Amino acid sequence: MIKVWTDGTEAGLLDRSGERGSTFLYLPEIDAARAVSITMPVRLASWDARFGVAPIFEMNLPEGALRERLRLAFAKATGSFDDFDLISIIGRSQMGRNRYTGQKEQLEEDVPFQSVDEILAKRRDGELFRYLIDKFASFSGISGVQPKFLLRDERAFESTNMSDVRLSQSYRGATHIVKFWEANEYPQLAANEYFCLKVAQTCGLEVPRYQLAEDGGALVLDRFDLRLDGSYRGFEDFCVLNAKRTDQKYSGSYETSILKRFEQFANSTNVHEDLEGLFSLIALNCVLRNGDAHLKNFGMVYDDVLGEARLAPVYDLVTTTAYLPKDGMALTLNGTTRWPTAKELQRLGETRTGDTPSRVRQILERIADAISITSAEVHTYIKEHPEFAEIGVRMLAEWERGIALSLRNA
Ligand SMILES: Nc1ncnc2c1ncn2[C@@H]1O[C@H](COP(=O)(O)OP(=O)(O)O)[C@@H](O)[C@H]1O
Ligand SMILES: [Mg+2]
475 MIKVWTDGTE AGLLDRSGER GSTFLYLPEI DAARAVSITM PVRLASWDAR
525 FGVAPIFEMN LPEGALRERL RLAFAKATGS FDDFDLISII GRSQMGRNRY
575 TGQKEQLEED VPFQSVDEIL AKRRDGELFR YLIDKFASFS GISGVQPKFL
625 LRDERAFEST NMSDVRLSQS YRGATHIVKF WEANEYPQLA ANEYFCLKVA
675 QTCGLEVPRY QLAEDGGALV LDRFDLRLDG SYRGFEDFCV LNAKRTDQKY
725 SGSYETSILK RFEQFANSTN VHEDLEGLFS LIALNCVLRN GDAHLKNFGM
775 VYDDVLGEAR LAPVYDLVTT TAYLPKDGMA LTLNGTTRWP TAKELQRLGE
825 TRTGDTPSRV RQILERIADA ISITSAEVHT YIKEHPEFAE IGVRMLAEWE
875 RGIALSLRNA
């Protein structure tokens, strides 16, 4: 049996049930604020899943190389290896505010320390990667297919105007995400993501601090769910908000599964501002030709599960067509996964944000401006890093194509 914690406090118990399912039960008489998800309010009846665990418990389970690594390292003890085993291993260190321990255990995150600067300066020689996977795999309660780790560096918040703030002594959890890439499959993925995030930031969207290793071998991101006092905000991705399993992350539409679902859960005074941001992000994904903008790559954040929920900062932006020229969209728009025309984006913006045509045009124009500014930076980077030239040049061509189809001639 697994004990589930929210905000460092016990919330309920999760257990296997039936042949392949699970059941979750809140502890008696607990506060409504202990809810594990916006979608699962505190109640007397249990929350059951016929297969696997409920989406909120599955949300942070690694999917690719990291999952395989953990399976190899831990499967021996149990013979088989399922989501339940995975949660038991990485449960104490997770994105967002939920944590998992054994039924009788206390919660101790205690993520080992690792200097981010050291990672940024090290060469990509495989040794660093092996060292980090050995040390941090079991602290990396984070989803996704690309190899990545959670680690702790006291120098979080350094780039903000809070630079004189030292995290409180009691903080023990992860502060950063480090993303690597498979050289054979997706060369230069970190630099690709770095420049896509740069476009988003230049558009005025909220992006956590992102740093590219000197040799382009890794991308380091500040956690946007970390608070100054070392505690964590709530985070839920759109798989959870749509009550879908991780393997259903490519099913749904931008209109309903993202925009409409967002409105359903966004009970804040900033709904309109966030809706504009979300529309802008969807349009940006189209222009950058990111074919991986699926349900897990959008999220919402909140301080209080019963209070205001906002659109999460931007993450995981990549020009996928630099590797897969035929790639289409991850979700549908107007019933198709073909890249949209400018007219279609304009209509989407007007319908979903309620903005005037000229305001929507302004939002789309900002994307074109941001791409043109960032393209110049990509050119400069290519000069200094010839190993990025092949992918960089392809990215620039894809962005141009994206602008021509999805931003011009509305
Ligand atoms: N800066 C961040 N702060 C907090 N959570 C994040 C941040 N970036 C990503 N995440 C979470 O980690 C997950 C995996 O990261 P992501 O960049 O999407 O990796 P991948 O490229 O493997 O899909 C995301 O789905 C999201 O839940
Ligand atoms: Mg992702």
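In terms of the numbering used here, the sequence shown opens at residue 475 and continues consecutively. No residue lacks a Cβ here, since even glycine has one placed at the ideal position from N, Cα and C. Predicted, not measured: the structure shown is a model, and the values here were computed from it.
- Under a 10 Å Cβ-count criterion, Gln738 is classified as exposed, with fewer than 16 other Cβ atoms of the shown protein chains found around its own Cβ.
- Contact between Ser617 and Lys770 holds, with the beta-carbon distance rounding to 6 Å and staying under 8 Å.
- DSSP places Val779 outside any alpha helix (DSSP H), giving it a letter other than H or E.
- Here DSSP, grouped into helix, strand and coil, assigns Ile504 to coil.
- Leu686 is classed as buried because its beta carbon has at least 16 other beta carbons within 10 Å across all chains shown.
- One alpha carbon belongs to Gly751, the other to Leu679, and they sit about 7 Å apart.
- For Asn716, the distance from the CB to the nearest heavy atom of ligand 2 is not below 6 Å.
- In this model, Arg683 and Asp627 are separated by some 14 Å (Cα to Cα).
- For Asp711, the shortest C-beta to heavy atom distance toward ligand 2 is 6 Å or greater.
- Per DSSP, reduced to three states, the secondary structure at Leu805 is coil, with no helix or strand assignment.
- Note on the region 652 to 714: whole alpha helix (DSSP H) runs with a minimum of 4 residues are 663 to 676, in chain order.
- The way I'd put it, the region 560 to 567 does touch the region 537 to 551; three or more beta-carbon pairs between them come closer than 8 Å.
- The Cβ-Cβ distance between Gly565 and Asp699 does not fall below 7 Å.
- Within the chosen limit of 6 Å, ligand 1 does not reach the beta carbon of Leu819 with any heavy atom.
- Going by DSSP, Lys622 is part of the beta strand (DSSP E) stretching over 622 to 625.
- Thr827 has its alpha-carbon roughly 7 Å from the corresponding atom of His746.
- Sequence-distant Cβ neighbours of His859 in its own chain, meaning closer than 7 Å and more than five residues away, are Gly690.
- For Asn759, the enclosing alpha helix (DSSP H) begins and ends at 745 to 761.
- The beta carbon of Pro502 sits closer than 7 Å to no other beta carbon from its chain once the five residues preceding and following it are set aside.
- Distance between Arg517 and Leu487, taken at the CA atoms: about 13 Å.
- Shortest gap from the CB of Ser614 to any heavy atom of ligand 1: 6 Å or more.
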